[in-house]
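Chains A and B, in that order, give the protein sequences. For the first sequence, position 6 matches number 116 in the numbering used here, and the numbering has no gaps at all. For the second sequence, position 81 matches number 798 in the numbering used here, and the numbering has no gaps at all. From the three backbone atoms N, C-alpha and C, an ideal C-beta is built for every residue, glycine too. The structure presented is a predicted model; accordingly, all values stated were derived computationally and were not measured. All remarks here apply to the structure that follows.
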Amino acid sequence: MESTAETAELAKQFGFTINKRALAKALKELEELEHEAREIRAKSADWEYIEKQPDPLKAALRLLVETGDLRLAAHIAGIPLDELDEHRIKAKIPLVL
Amino acid sequence: MSTAVADTCFLVHWLRFRDRERIFEVFESIAVPVMVLDEMGARGRVMLAPWLASRRAFLIPRINDYEVEALRLVEFSRSQRLPTLDPPEAYCLAVAKRRGYAVLTDNKAPKYLAQILKDYSGVKILDSLDILALIYCDDLAEAVKAYKEDTGLVFSKTRLKTYGIDS
Chain A
111 MESTAETAEL AKQFGFTINK RALAKALKEL EELEHEAREI RAKSADWEYI
161 EKQPDPLKAA LRLLVETGDL RLAAHIAGIP LDELDEHRIK AKIPLVL
Chain B
718 MSTAVADTCF LVHWLRFRDR ERIFEVFESI AVPVMVLDEM GARGRVMLAP
768 WLASRRAFLI PRINDYEVEA LRLVEFSRSQ RLPTLDPPEA YCLAVAKRRG
818 YAVLTDNKAP KYLAQILKDY SGVKILDSLD ILALIYCDDL AEAVKAYKED
868 TGLVFSKTRL KTYGIDS
């Protein structure tokens with residue numbers, strides 16, 4: 111795992127400057143939010159619907175429950191983002207903001 | 718009023734919302750990068766068409782300067798500790814910084830990167846909940862309920878609390 115100093119150095123290599131305090135706060139916040147979000151997605155999902163779908167849609171919906179990444183799931187399913195979102199709603203997978 | 722540049726995930730969700738037209742109470746116009754349009758399927762394009770026809774939304778072509786800046790952001794975000802930024806949302810950030818627009822996105826990565834990178838600290842990043850809060854000041858709880866029904870999105874307890882809603 112990189113340290114904040116390493117992330118700052120990486121930012122410098124890309125020509126960016128980072129706010130170290132904001133980085134530490136953001137990482138903590140993200141970890142908490144993602145934990146809550148993953149639980150909500152897994153609990154609410156209609157697994158029967160998901161398991162009935164053909165691959166790669168089934169794999170995409172499983173990935174969506176795990177990561178919440180709609181764009182990546184659309185890439186896996188090989189369909190436009192709004193079509194994947196239709197399946198997400200049918201599969202009762204909430205996206206948590 | 719100002720202009721905002723919209724990412725795909727935001728548009729896909731917001732265009733499902735029954736009161737989607739009310740976004741123009743907050744922004745005069747919505748910029749849509751062609752890169753974002755390319756990710757949308759038939760439904761999204763059909764919903765977006767009236768906004769484009771009435772010039773409340775407009776397309777932003779692929780421009781080399783923005784693409785180079787977007788790639789720089791994407792590569793940096795590949796660092797293990799940061800939320801990964803995808804090219805379309807990175808493109809939105811690059812456009813927003815250069816043009817002084819706000820960014821509309823339902824992904825976490827742009828919001829956090831704008832907080833972390835001093836270079837992007839001036840860029841305003843808003844998601845669906847932020848927009849609902851701007852539109853429905855006194856009736857936010859009802860709006861959140863309607864938005865959830867229409868889009869299947871939910872908001873974290875922590876974020877709802879910051880807007881004074883106990884879920």
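DSSP bridge partner residues for residue i (one or two, in chain order)
i                   : result
arginine 171/A      : Reading off the sequence shown, one finds leucine at residue 171/A, where the question assumed arginine. BP columns for leucine 171/A are empty, so no partner.
threonine 879/B     : According to DSSP, threonine 879/B bridges with nothing at all.
phenylalanine 744/B : Ser719/B
alanine 819/B       : Ala721/B
isoleucine 128/A    : Leu834/B
valine 871/B        : Val206/A
valine 861/B        : BP columns for valine 861/B are empty, so no partner.
phenylalanine 775/B : Ala748/B
isoleucine 842/B    : Val820/B
Rounded C-alpha distance that separates residue i from residue j
i                : j                : result
alanine 134/A    : proline 767/B    : 43 Å
leucine 788/B    : aspartate 192/A  : 24 Å
alanine 813/B    : isoleucine 777/B : 11 Å
alanine 183/A    : alanine 811/B    : 24 Å
leucine 173/A    : arginine 735/B   : 29 Å
threonine 117/A  : lysine 162/A     : 43 Å
valine 206/A     : alanine 147/A    : 6 Å
isoleucine 747/B : leucine 180/A    : 22 Å
tryptophan 209/A : proline 800/B    : There is simply no residue 209/A to check, as chain A begins at 111 and stops at 207 in what is shown.
glutamate 745/B  : serine 113/A     : 42 Å
alanine 121/A    : tyrosine 837/B   : 13 Å
glutamate 756/B  : aspartate 823/B  : 15 Å
isoleucine 186/A : leucine 194/A    : 10 Å
leucine 851/B    : arginine 739/B   : 10 Å
proline 166/A    : glycine 188/A    : 8 Å
arginine 151/A   : asparagine 129/A : 32 Å
lysine 862/B     : glutamate 119/A  : 44 Å
Among the options, the one whose alpha carbon lies nearest that of residue i
i                   : options                                : result
leucine 857/B       : Ser794/B, Ile777/B, Val753/B, Lys878/B : Lys878/B
methionine 752/B    : Leu830/B, Thr725/B, Asp836/B, Val871/B : Thr725/B
alanine 155/A       : Glu176/A, Pro164/A, Ser113/A           : Glu176/A
asparagine 781/B    : Arg760/B, Asp755/B, Tyr808/B           : Tyr808/B
valine 722/B        : Glu792/B, Ile740/B, Val749/B, Lys825/B : Val749/B
valine 791/B        : Ile186/A, Thr114/A, Phe126/A, Leu167/A : Phe126/A
phenylalanine 727/B : Leu765/B, Asp855/B, Glu745/B, Ser719/B : Leu765/B
arginine 876/B      : Lys130/A, Ala170/A, Ala121/A, Leu143/A : Leu143/A
leucine 137/A       : Tyr783/B, Ser719/B, Ser796/B           : Ser796/B
lysine 841/B        : Ala819/B, Ala826/B, Thr868/B           : Ala819/B
alanine 826/B       : Glu141/A, Arg131/A, Glu119/A           : Glu141/A
proline 190/A       : Arg762/B, Asp803/B, Ala831/B, Gly817/B : Arg762/B
Buried or exposed (CB count within 10 angstroms, at least 16 for buried), residue i
i                   : result
histidine 730/B     : buried
valine 785/B        : exposed
glutamine 123/A     : exposed
serine 794/B        : buried
phenylalanine 775/B : exposed
lysine 828/B        : buried
alanine 115/A       : exposed
glycine 178/A       : buried
lysine 153/A        : exposed
glutamate 806/B     : buried
alanine 831/B       : buried
alanine 170/A       : buried
histidine 145/A     : exposed
Margin query: Please identify, using Cβ separations under 7 Å, the residues of the region 737 to 769 of chain B that lie next to chain D, in order along the chain.
Written below: The structure shown has no chain D; the protein chains it does contain are A and B.
Notebook entry, point to check: Are the region 867 to 882 of chain B and the region 837 to 848 of chain B touching, with three or more C-beta to C-beta distances below 8 Å?
Noted result: Yes: the two stretches touch, three or more of their Cβ pairs being nearer than 8 Å.
Notebook entry, point to check: How do the region 767 to 785 of chain B and the region 192 to 202 of chain A stand: do at least 3 beta-carbon pairs fall below 8 Å, yes or no?
Noted result: In short, these stretches do not touch, since the Cβ pair count stays below three.
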